[in-house]
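Novice: For the sequence shown, the UniProt record's numbering assigns the number 1 to the initial residue and increments by one for each residue that follows. Note that beta-carbon positions come from the ideal geometry of N, C-alpha and C, so glycine has one too. Every value quoted in this text rests on a predicted model; they were computed, and no experiment measured them. Shown below is the structure under consideration.
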Amino acid sequence: MKRDFVVAHPFRHHALELCAGLSRSGASFQLLTPFYKKGLGSFVARLPLAMGTRANGYWHPEIRESDVVCPPWTQLQRLVVGAIDPDRFAPVFDRAIARYVRRNAPKMHCLITLQDYMPLTVAAAADTGVKIWSDQILNQSASAMQRIGAHYESLGLTLPKHDETENLRIVQRSSVITVPSAYCETGIADHVAAGRVVHKIPYGTSLPRKQNESADTAAVFNIVARANSVRKGGHLVLRAVERWGAQWRSALDGKELRITILGEFEPALARLLSEIRIPDGIRVVHGNVPHALVSNVYCSGHLFLMPSLSESLSLACLEALAFGLPMVVTHYTGVEDIEENCGVYVSDDIDSVGAGVLQMLERRRHFREMGRNARQMAASRYSWSDYRDRIARLAQDMAA
């Protein structure tokens with residue numbers, strides 16, 4: 001049987017939602033993935049604590065098990081090697097799937113690949129006449145990496161090596177390109193082959209049943225920040241706390257302030273946290289939060305902060321919108337049109353971040369209205385169901 005689409009990705013990200021969209025289209029497809037809740041994955045999902053909870057997330061109700069291929073050896077490698085060193089696992093999976101594609105190319109019409117995680121697989125598809133659909137998930141353009149590099153340098157750090165060559169080669173080879181935001185599209189715009197159309201299909205989020213606690217009645221004002229790395233602007237948050245924290249507390253009429261960082265600080269930020277002087281009445285906490293408990297963090301929050309240096313479309317921002325959190329973010333998060341609606345944009349600068357937070361604290365009497373606007377934006381523009389429908393329409397157009 002010839003498959004209209006074959007999706008290959010070494011991790012999860014939004015690949016399951018993409019496949020659910022293909023399922024809605026009625027087209028035949030196959031997901032090649034190292035881990036799914038079937039076979040060994042189904043056993044792991046029954047295990048207690050974090051491992052079982054995490055494994056349960058590798059499943060989607062709109063995807064038939066028969067459309068998923070994940071051999072036991074890839075599941076074992078994903079559990080062992082992938083958990084310890086994801087960067088080391090991805091090339092192993094890429095080599096295996098490249099061999100699979102070369103053997104099965106006559107049964108494949110189009111390969112869907114996310115960013116540049118599978119360069120050997122894409123080369124195998126191109127060599128055997130299989131069409132390529134590139135789904136871009138991160139803006140790592142020269143300008144973005146230059147901006148990130150400048151921040152690393154300001155901290156006395158060395159920017160991790162990055163080579164965009166493979167991704168741009170994939171973009172140039174692709175018959176179809178999808179991006180989640182206008183910002184993501186700017187990263188590849190100069191490298192798209194003539195005549196190719198870039199389709200903007202935003203990611204989604206699920207609307208929660210819980211709502212966040214009112215900032216008026218809470219004993220402690222809580223800022224939830226997705227800023228656990230330099231790339232996500234964690235150093236800007238910490239320096240802004242040191243420089244602007246006293247003004248933030250004054251705007252809150254002396255109420256205690258907690259900054260909750262989603263994720264464990266990378267080493268450079270952990271060191272910075274130990275070095276800065278945090279004003280009285282402010283507490284900064286960080287750490288990994290089990291997926292099942294993330295909603296509790298958002299529910300306890302009153303303001304969302306993410307001064308990222310480059311994303312594509314931040315899923316954390318979309319989750320914050322769904323929970324009705326007003327936000328302070330950079331344009332580099334990919335979230336559009338929040339100004340005068342449910343938040344403010346800031347630049348990748350300590351004082352811009354500090355002033356943006358202060359501005360929102362001074363406007364907190366409008367947080368209830370901003371929260372309604374945020375939830376409405378999440379429901380009308382960033383729904384996973386809408387994402388699946390748009391993927392389905394694109395797939396139907398391609399298969400026609």
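Following the continuous alpha helix (DSSP H) through residue 277, name the residue where it begins and the one where it ends.
Specialist: Element bounds for residue 277: n/a, residue is neither H nor E.
Novice: Is it true that the CB of residue 277 sits closer than 8 angstroms to the CB of residue 258?
Specialist: no
Novice: Between the alpha carbons of residue 250 and residue 240, how many angstroms are there, rounded?
Specialist: 15 angstroms
Novice: Report the three-state DSSP secondary structure of residue 161 (helix, strand or coil).
Specialist: DSSP, read as helix, strand or coil, puts residue 161 in coil.
Novice: Take the Cβ of residue 285 as the centre, count every other Cβ of all protein chains shown within 10 Å, and call the residue buried at 16 or more, exposed below.
Specialist: exposed
Novice: Beta-carbon separation of residue 236 and residue 350 under 8 angstroms?
Specialist: yes
Novice: May I ask you to list the residues that DSSP assigns as paired with residue 31?
Specialist: Answer is 7, 68, bridged to residue 31.
Novice: Check whether the Cβ atoms of residue 97 and residue 8 sit closer than 8 angstroms, and answer yes or no.
Specialist: yes
Novice: How is residue 289 classed by DSSP in three states: helix, strand or coil?
Specialist: coil
Novice: Is the Cβ-Cβ distance between residue 119 and residue 74 less than 8 angstroms?
Specialist: no
Novice: At what residues does the beta strand (DSSP E) containing residue 133 begin and finish?
Specialist: 131-135
Novice: Which residue marks the beginning of the alpha helix (DSSP H) containing residue 353, and which one marks its end?
Specialist: Here the alpha helix (DSSP H) through residue 353 covers 350-362.
Novice: Kindly identify the DSSP beta-bridge partner or partners of residue 14.
Specialist: In DSSP, residue 14 forms no bridge with anything.
Novice: Quick one: Cα of residue 115 to Cα of residue 255, how far?
Specialist: Taking the CA atoms as reference points, residue 115 sits about 44 angstroms from residue 255.
Novice: If you draw a straight line from the alpha carbon of residue 5 to that of residue 32, how long is it in whole angstroms?
Specialist: Going by the C-alpha atoms only, they are around 11 angstroms apart.
Novice: In the DSSP assignment, the beta strand (DSSP E) including residue 404 goes from what residue to what residue?
Specialist: A query on residue 404 cannot be resolved here, the shown segment of the chain reaching from 1 to 400 and no further.
Novice: Just checking, does the stretch 166-176 make contact with the stretch 143-153 on the three C-beta pairs under 8 angstroms criterion?
Specialist: no
Novice: Would you mind reading off the limits of the beta strand (DSSP E) that contains residue 345?
Specialist: 343-345
Novice: CB-CB under 8 angstroms to residue 94, same chain, minus the five flanking residues each way: which ones, in chain order?
Specialist: 10, 117, 118, 119, 120, 121
Novice: Flag this pair as touching only if the stretch 199-219 and the stretch 265-274 have three or more C-beta atom pairs under 8 angstroms; answer yes or no.
Specialist: Contact between the stretch 199-219 and the stretch 265-274 is not established, with fewer than three Cβ pairs separated by less than 8 angstroms.
Novice: Figure out for me which residue from 198, 207, 187, 253 has the closest Cα to the Cα of residue 215.
Specialist: 253
Novice: Would you call the stretch 346-360 and the stretch 181-195 in contact, with 3 or more CB pairs under 8 angstroms?
Specialist: no
Novice: Keeping to the same chain, check which residues put their C-beta closer than 7 angstroms to that of residue 333; ignore five residues upstream and five downstream.
Specialist: 306, 308, 311, 314, 317
Novice: Are the stretch 61-73 and the stretch 101-109 touching by the rule of at least three beta carbon pairs closer than 8 angstroms?
Specialist: no
Novice: Do you know how far the Cα of residue 265 is from the Cα of residue 151?
Specialist: 16 angstroms
Novice: Just mark residue 47 as buried or exposed, buried being the case when its beta carbon has 16 or more other beta carbons within 10 Å.
Specialist: It is exposed - the Cβ of residue 47 has fewer than 16 other Cβ atoms within 10 Å.
Novice: DSSP beta-bridge partners for residue 110?
Specialist: 5, 131
Novice: Looking at the strands, I want to know which residues DSSP matches up with residue 383.
Specialist: 205
Novice: Taking C-alpha atoms, which residue in 208, 36, 37, 92 lies nearest to residue 374?
Specialist: 208
Novice: Work out the CA separation of residue 287 and residue 247 for me, nearest whole Å.
Specialist: 26 angstroms
Novice: Can you give me the C-alpha to C-alpha distance between residue 102 and residue 128, rounded to a whole angstrom?
Specialist: 7 angstroms
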